[in-house]
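Visitor: Chains as they are written, first to last, in this note's numbering: chain A, 1 to 381; chain B, 382 to 708.
Heads up, the beta-carbon is just placed ideally off N, CA and C, and yes, glycines get one too.
Since the structure is predicted, the reported quantities are computational estimates derived from the model, not experimental observations.
I have a structure I would like to understand better, so I am pasting it below and will then ask my questions one at a time.
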Amino acid sequence: MDNENMFYEEQELVLDDLPKDYMEVNFGPHHPSTHGVFRFIAKVDGEKIISIDPVIGYLHRGIEKMAESRTYNQFKPLVDRLDYTGALNNELCYCLAVEKLMEIEVPERAQAIRVICAELNRIAGHLIFFGAMGLEVGAFTPLLFGFLDRELILNILEMLAGGRLTFNYMTIGGVREDVPDSFRDKLDRFIKNFPVKLKRYKELITGNEIFINRLKNVGILKKEDLFNWGASGPTLRGSGVRFDIRKVEPYSGYEKYDFEIPVGTNGDVLDRYLVRMEEIKQSIRIVEQAANNLPSGDYTAKVPKILKPPEGEIYYRNEGTKGEIGFYIVSKGDKNPYRLKIRTPSFSHINMLSFAASGNYIADAIVILGSFDTVMGSCDR
Amino acid sequence: MVWWIELLWSLLKLVIAFAFIFITALILIWMLRKVMGHMQYRRGPLHHGPHGMWQTVFDAIKLLGKEDIIPTGVDRWTFIWAPIVVFIPTLTIFAFLPFAEKITATNIEISLFFVLAVMGLSILSLLMAGWGSNNKYALLGGLRAAAQMMSYEIPMIISTMGVVLMAGSMNLIEIVRAQNHMWYAVPQIIGFFIFFTASLAEINSTPFDIPEAESEIVAGFNVEYSGFRFAAFFLAEFVNLFIVCALAALLFLGGWQPFTNPVWGTVIFLAKTYVLIFIAMWIRSTFPRFRLDQFMDFGWKVLLPLSLANLFITGVIVLVVDKIRSV
Chain A
1 MDNENMFYEE
11 QELVLDDLPK
21 DYMEVNFGPH
31 HPSTHGVFRF
41 IAKVDGEKII
51 SIDPVIGYLH
61 RGIEKMAESR
71 TYNQFKPLVD
81 RLDYTGALNN
91 ELCYCLAVEK
101 LMEIEVPERA
111 QAIRVICAEL
121 NRIAGHLIFF
131 GAMGLEVGAF
141 TPLLFGFLDR
151 ELILNILEML
161 AGGRLTFNYM
171 TIGGVREDVP
181 DSFRDKLDRF
191 IKNFPVKLKR
201 YKELITGNEI
211 FINRLKNVGI
221 LKKEDLFNWG
231 ASGPTLRGSG
241 VRFDIRKVEP
251 YSGYEKYDFE
261 IPVGTNGDVL
271 DRYLVRMEEI
281 KQSIRIVEQA
291 ANNLPSGDYT
301 AKVPKILKPP
311 EGEIYYRNEG
321 TKGEIGFYIV
331 SKGDKNPYRL
341 KIRTPSFSHI
351 NMLSFAASGN
361 YIADAIVILG
371 SFDTVMGSCD
381 R
Chain B
382 MVWWIELLWS
392 LLKLVIAFAF
402 IFITALILIW
412 MLRKVMGHMQ
422 YRRGPLHHGP
432 HGMWQTVFDA
442 IKLLGKEDII
452 PTGVDRWTFI
462 WAPIVVFIPT
472 LTIFAFLPFA
482 EKITATNIEI
492 SLFFVLAVMG
502 LSILSLLMAG
512 WGSNNKYALL
522 GGLRAAAQMM
532 SYEIPMIIST
542 MGVVLMAGSM
552 NLIEIVRAQN
562 HMWYAVPQII
572 GFFIFFTASL
582 AEINSTPFDI
592 PEAESEIVAG
602 FNVEYSGFRF
612 AAFFLAEFVN
622 LFIVCALAAL
632 LFLGGWQPFT
642 NPVWGTVIFL
652 AKTYVLIFIA
662 MWIRSTFPRF
672 RLDQFMDFGW
682 KVLLPLSLAN
692 LFITGVIVLV
702 VDKIRSV
């Protein structure tokens, strides 16, 4: 039997198990809570979800193919467009991959600046998650609170990079510019003020009885399932797996900083939420340490104008805001990559949706999708 | 009275009621924007008029001026009539709401009973809209609305019975008069809580806005409506908010007490109502939404037994007090 037939046989088997009068409801691609242009077709029996077919690709821009006709430096701005809520983490991963391939030594100051940027961007990304999570359970205010406070971070990053969403700040070998003089003051003020805001979030919604009831014991995922689906990041840590690439394979000097990896116990949506909220605190700790011990020196290494990595291939990964970002680069010694493959967490997590949400209510499916914190730019590429 | 004077007088009352309803709805929409805006560190509308007061007027004009879209495939009759039907209970209730001692359109002995009965009709329009739209989101929303209203109607009505027992009347004016020593919110605190909670569910307000959960089923029953038909649903939602808050003020917060003067009575009654409306908006801007099953559990397993217990205890106390007095 060939593969195609097998697929249909399986489908028929599933169809036999369905209740007689189910309804197909289409969600998206333009739906308020599908986080961009994600579409899924849900088979529902009343309010219960029987199965979900995710449809992806509405934001496909062919970024991997575009890499093949661009030089390593020209491709870098496109990396920002993957997971646009954590653009600097993408940049960091790409730059590290190319640097590893070319064996470029990055100065310590550049490494520290990169860490500050990446962690600030992680906080910004988690704030969007916080707001979206509130919206998903029907509370509108967290969204505005989250975006308002994200503004503080974007203002700091704007001082460095000039941009606010797609930064293009890191270069292969370091960062584009050194930090301005007033940067330190602004960062200190942010570090001082931000815990107050976190406390306010907690008072507003984390402690809310309805909120906890909506999230608790919803979408429980076991460790083994998560391994099979290739989950990573806070989604994986929510189920109690203490796996963080910043600790396991430290990059860009993360081994120097003292921080903890928060993990959940139950593996439900609430745990994934709390893990992210705790990660914000840890990120602030990292930023504080990096800013206090900012080494002097160059902000970039000496790199040739035209990069021609030696023949070879590399897979490099780092901890993005949503999970493991990986760049697999094959070089044939040209100024363009021969092939570039991007591994993004959102792609793995979105495929998990049907598995996680089947058997739950429609309202839960939305919350579960929200708890993966997917970004379609990163999923479709 | 000559018959035509009577007719004119009735028509005038109708016009006043309509004007009042529309102005109230516009004020409430503006108020919601301002209240939610300030709670979310925004300012709300600012540009048209003082503090953006004309904004909702312009919004209403915009909605009324829009093209009337009736999608193909809808059940025409139900689709067209649903936004009209939604106003019938709303308007009817206004005829029985006393604003002060003598300010009421119609005064009948069982006005509370009548108001509660008519309120139950508002399910009909939502079901019609949900069914007639030929849209799955709308259908889910309509069914959710029906389930929600039916299960919350019961605790809401039972919670008012405590008040009726204490006042010994179903006339809203009599009930307010009976509160001249003490507001019923004090002895009937549980009833007040149940009534207010169930009313919020009755008008689909947060945290019970399950029928129009925009993150799940986009806008629920009114997803296919636009222009003035949408405006009808939108206005009815706010007028209903006013009605339930006004009822709560009448039943539990002493209506126009301590004033018997019509002008001051109306003012204090509206003030009490608006305080309750503010609380509803406060809840709206800070609370997340229940899930359907949790919400049903809350209605049937918490509110209903609580309201029955409240009714029972009130009945026993009223009986005992009566016996002692008669002795």
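Any idea which residues DSSP pairs A/M223 with across the strands?
Guide: A small fix is needed here, since residue 223 of chain A is Lys in this sequence, not Met. A/K223 is not bridged to any residue.
Visitor: Mind checking whether A/H35 and A/M277 have CB atoms under 8 Å apart?
Guide: No, they are not a contact pair.
Visitor: Hey, B/A661 and B/S607: beta-carbon distance below 8 Å or not?
Guide: No, they are not a contact pair.
Visitor: Sorted by chain position, which residues of the same chain lie with C-beta nearer than 8 Å to B/V708's C-beta, five sequence neighbours on each side aside?
Guide: For B/V708, where only same-chain residues beyond five positions count, there are no Cβ hits under 8 Å.
Visitor: For A/S51, go through chain B and note every residue whose CB falls closer than 7 Å to its CB, in chain order.
Guide: None at all; the shortest Cβ gap to chain B is about 16 Å.
Visitor: Does DSSP classify A/V248 as helix, strand or coil?
Guide: In the structure shown, A/V248 sits in a helix (DSSP, three-state: H, G or I).
Visitor: Roughly how many whole angstroms lie between the Cα atoms of A/G370 and A/F129?
Guide: Straight-line Cα distance between these residues: approximately 8 Å.
Visitor: Check whether the Cβ of A/Y8 lies closer than 8 Å to any Cβ atom in chain B.
Guide: At A/Y8, the pLDDT of 48 sits below 50, so the modelled position is not reliable and the matter cannot be decided from this model.
Visitor: Does the separation of the CB atoms of A/V269 and A/I368 fall below 8 Å?
Guide: The answer is yes: Cβ separation under 8 Å.
Visitor: Can you tell me which residues form a DSSP beta bridge with A/I306?
Guide: DSSP output for A/I306 lists no bridge partner at all.
Visitor: Could you work out which residue in A/I342, A/Y328, A/V287 and A/R200 is closest to A/E119 when comparing CA atoms only?
Guide: Looking at the Cα atoms, A/V287 is the closest of the given residues.
Visitor: Tell me whether A/G312 sits in a helix, a strand or coil according to DSSP, three-state version.
Guide: DSSP places A/G312 in strand when its eight states are reduced to three.
Visitor: In this structure, what does DSSP give as the bridge partners for B/I617?
Guide: Going by the sequence as given, residue 617 of chain B is Ala instead of Ile. Paired residue(s): none; B/A617 is not in a bridge.
Visitor: Hey, A/G267 and A/P345: beta-carbon distance below 8 Å or not?
Guide: No. Outside cutoff.
Visitor: For the putative contact between B/F468 and B/A613, defined by C-beta atoms under 8 Å, what is the C-beta separation to the nearest angstrom?
Guide: That belief holds up - the Cβ atoms of B/F468 and B/A613 are roughly 6 Å apart, short of 8 Å.
Visitor: By DSSP's criteria, A/N318 is part of a beta bridge. Which residues make up the other side?
Guide: Answer is A/I325, bridged to A/N318.
Visitor: Whole angstroms is fine: what's the gap from A/N90's alpha carbon to A/V179's?
Guide: For A/N90 and A/V179, the distance between alpha carbons rounds to 20 Å.
Visitor: So, does the segment 224–242 of chain A touch the segment 340–357 of chain A, judging by three or more C-beta pairs under 8 Å?
Guide: The segment 224–242 of chain A vs the segment 340–357 of chain A: in contact.
Visitor: Starting from A/E24 and walking both ways along the beta strand (DSSP E), at which residues does that stretch end?
Guide: Start and end: M23 to F27.
Visitor: For B/Y518, which three-state DSSP category applies?
Guide: Reduced to three states, the DSSP call for B/Y518 is helix.
Visitor: Any Cβ of chain A within less than 8 Å of the Cβ of B/K447?
Guide: So, not an interface residue.
Visitor: So the candidates are B/E490, B/L553, B/A582 and B/H428; which of them puts its Cα closest to the Cα of B/G501?
Guide: Of the listed residues, the one whose Cα sits closest to B/G501 is B/A582.
Visitor: If you draw a straight line from the alpha carbon of B/L427 to that of B/W663, how long is it in whole angstroms?
Guide: Those two C-alpha atoms are separated by around 20 Å.
Visitor: Relative to the C-alpha of B/G549, which candidate in B/L388, B/T695 and B/P588 has its C-alpha closest?
Guide: Selected option, being the one with the closest Cα: B/T695.
Visitor: For B/S666, go through chain A and note every residue whose CB falls closer than 8 Å to its CB, in chain order.
Guide: Per Cβ cutoff of 8 Å: F140 and T141.
Visitor: A/L307 to A/A110, Cα distance in whole Å?
Guide: So the alpha carbons of these two residues sit roughly 19 Å apart.
Visitor: I want to verify the contact list: residues of chain A whose CB lies under 9 Å from the CB of B/D590, in sequence order.
Guide: Under the 9 Å cutoff, chain A gives G138.
Visitor: Less than 8 Å separating the beta-carbons of B/L631 and B/V557?
Guide: Result yes, Cβ atoms of B/L631 and B/V557 sit closer than 8 Å.
Visitor: Just the C-alpha distance for A/R317 and A/I41, rounded to the nearest angstrom, thanks.
Guide: Going by the C-alpha atoms only, they are around 32 Å apart.
Visitor: Going by beta carbon distance, what residues of the same chain come within less than 7 Å of B/S506, once the five residues before and after it are set aside?
Guide: Excluding positions up to five away in sequence, the list reads A463, V466 and V467.
Visitor: Can you pull the chain B residues whose beta carbon is under 7 Å from the beta carbon of A/N213, in chain order?
Guide: Ordered by position in chain B, the residues that pass the 7 Å Cβ test against A/N213 are Q675.
Visitor: Enumerate in chain order the residues of its own chain whose CB-to-CB distance from B/A398 is below 8 Å, with the five nearest sequence positions on each side excluded.
Guide: Within the same chain, B/A398 has close Cβ partners L472, F475, A476 and A486.
Visitor: Which residue comes first and which comes last in the beta strand (DSSP E) that contains B/A376?
Guide: Since the displayed chain B opens at 382 and closes at 708, residue 376 of chain B lies outside it and no answer follows.
Visitor: To which residues does DSSP link A/R381 through a beta bridge?
Guide: None; A/R381 has no bridge partner.
Visitor: Determine, using beta carbons only, whether A/L96 and A/S252 come nearer to each other than 8 Å.
Guide: For A/L96 and A/S252, yes; Cβs fall inside 8 Å.
Visitor: Taking its Cβ as the centre, do 16 or more other Cβ atoms sit within 10 Å of B/W637, making it buried, or is it exposed?
Guide: With 16 or more other Cβ atoms within 10 Å, it is buried.
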